[in-house]
Amino acid sequence: MNFSKSVYQYKDYRKFLTDYYESCKHQSGHFTYKYFSTQAKIKSPNFLKLIMNGKRNLTIETIHCFAKGLKLSQQETTYFETLVLYNQAGSEKTQKYYYRRLQGLKKQNPTKKIKHYSNDLIAQWYYPALILYLHEKNINLDLLPLSQLINVNIGQIKNIIDNLLASHVLEIQDQKYHLNADYVHINQDPDNIIQKNYLRNQLEQSLKTYDNKLLGTKPEQAKFFSHTFTFSQSEWEKYIELIKSFLDTTTRISNEDDPNSIGQLNIQIFKLQI
6 MNFSKSVYQY
16 KDYRKFLTDY
26 YESCKHQSGH
36 FTYKYFSTQA
46 KIKSPNFLKL
56 IMNGKRNLTI
66 ETIHCFAKGL
76 KLSQQETTYF
86 ETLVLYNQAG
96 SEKTQKYYYR
106 RLQGLKKQNP
116 TKKIKHYSND
126 LIAQWYYPAL
136 ILYLHEKNIN
146 LDLLPLSQLI
156 NVNIGQIKNI
166 IDNLLASHVL
176 EIQDQKYHLN
186 ADYVHINQDP
196 DNIIQKNYLR
206 NQLEQSLKTY
216 DNKLLGTKPE
226 QAKFFSHTFT
236 FSQSEWEKYI
246 ELIKSFLDTT
256 TRISNEDDPN
266 SIGQLNIQIF
276 KLQI
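Residue numbers (the numbering used here): 6 to 279.
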């Protein structure tokens with residue numbers, strides 16, 4: 006299910022939850038209050054409804070349960086938590102404090118994002134590069150350079166563009182293609198074979214780049230890093246969240262630039278079994 010609005014666009018968390026629920030319900034009749042409670046690991050089957058209707062408030066614990074059910078990133082969770090505390094503030098002084106925090110968090114993050122649940126965008130390793138290449142280019146552009154860049158024939162590229170327009174990832178404004186968000190987030194599914202193949206293909210592209218550029222004639226066009234470190238088992242997830250935060254920051258900074266090139270960043274982290 007695809008909820009195209011970002012939590013950063015909201016000043017009322019109950020409105021955010023209502024829009025989220027209605028969007029998911031419209032897309033799938035199987036989405037219910039009970040289903041959300043299961044995803045959020047909350048015992049009450051209609052707790053979301055009670056929150057949306059203002060009959061209950063969220064606690065710090067249930068805020069993070071909801072964040073899990075909403076599949077929010079670490080930074081989105083921080084904003085969501087602050088938004089809830091702002092809306093539920095018991096005094097004007099407290100409300101002003103959380104309002105200032107909201108404004109600071111909003112400046113650090115994209116306000117428009119697509120969370121995409123389709124496999125269309127990761128069917129091939131080059132789809133993200135293709136999307137970024139087309140952004141803000143005329144719809145009548147010569148597709149030959151793109152074809153040579155990703156080694157895909159022009160007919161296939163045209164079909165891909167049609168699919169991207171149909172899924173609202175791309176849109177046409179003033180005869181130009183536009184990415185319909187600051188960035189596109191693919192919902193992760195550890196059992197999804199297509200996602201696994203996509204990641205494998207990206208690793209293969211890294212290896213090709215290592216051979217062709219770092220060991221070839223253009224070492225300045227690629228950088229490779231490796232780091233081995235010790236950690237506490239209980240803190241493993243903290244490192245995962247650090248990587249996610251770094252990727253969000255990279256996206257934010259790139260959105261502030263005037264881009265004229267496309268880069269690829271692949272990160273792997275894994276435990277060494279001893």
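Ideal Cβ positions, reconstructed from N, Cα and C, are used throughout, including at glycine.
Helix, strand or coil at residue 15 [DSSP, three-state]
coil
Helix, strand or coil: which one does DSSP assign to residue 76?
coil
According to DSSP, is residue 177 helix, strand or coil?
strand
Do the CB positions of residue 2 and residue 144 come within less than 8 Å of each other?
It is not possible to answer for residue 2, since the shown part of the chain is limited to 6 through 279.
Please report how far the alpha carbon of residue 11 lies from the alpha carbon of residue 159, in whole angstroms.
34 Å
Short Cβ contact (8 Å threshold) for residue 20 with residue 45:
no
Distance check for residue 81 and residue 253, CA to CA, integer angstroms please.
10 Å
Taking the alpha helix (DSSP H) that residue 225 falls in, what are its first and last residues?
Note, residue 225: premise wrong, no alpha helix (DSSP H); not H, not E.
Please find out if some non-hydrogen atom of the ligand COA comes closer than 7 Å to the beta-carbon of residue 33.
For the ligand COA, the structure offers nothing, since it holds no ligand at all.
Integer Cβ distance of residue 162 from residue 148, believed to fall under 8 Å
5 Å
Which one or two residues does DSSP pair with residue 203 in a beta bridge?
BP columns for residue 203 are empty, so no partner.
Return helix, strand or coil for residue 218, following the three-state DSSP convention.
helix
Indicate whether the contact test is met: 3 or more Cβ pairs, each with one atom in the stretch 169-179 and one in the stretch 241-253, closer than 8 Å.
no
8 Å is my cut-off, CB to CB: does residue 57 come that close to chain B?
Given the protein chain composition of this structure (a single chain), no chain B is represented.
Does the count of Cβ pairs from the stretch 89-103 and the stretch 21-39 closer than 8 Å reach three?
no
With a CB to CB cut of under 8 Å and the five nearest residues on each side skipped, what residues in its chain are close to residue 141?
181, 182, 183
Endpoints, the alpha helix (DSSP H) within which residue 167 is located
159-171
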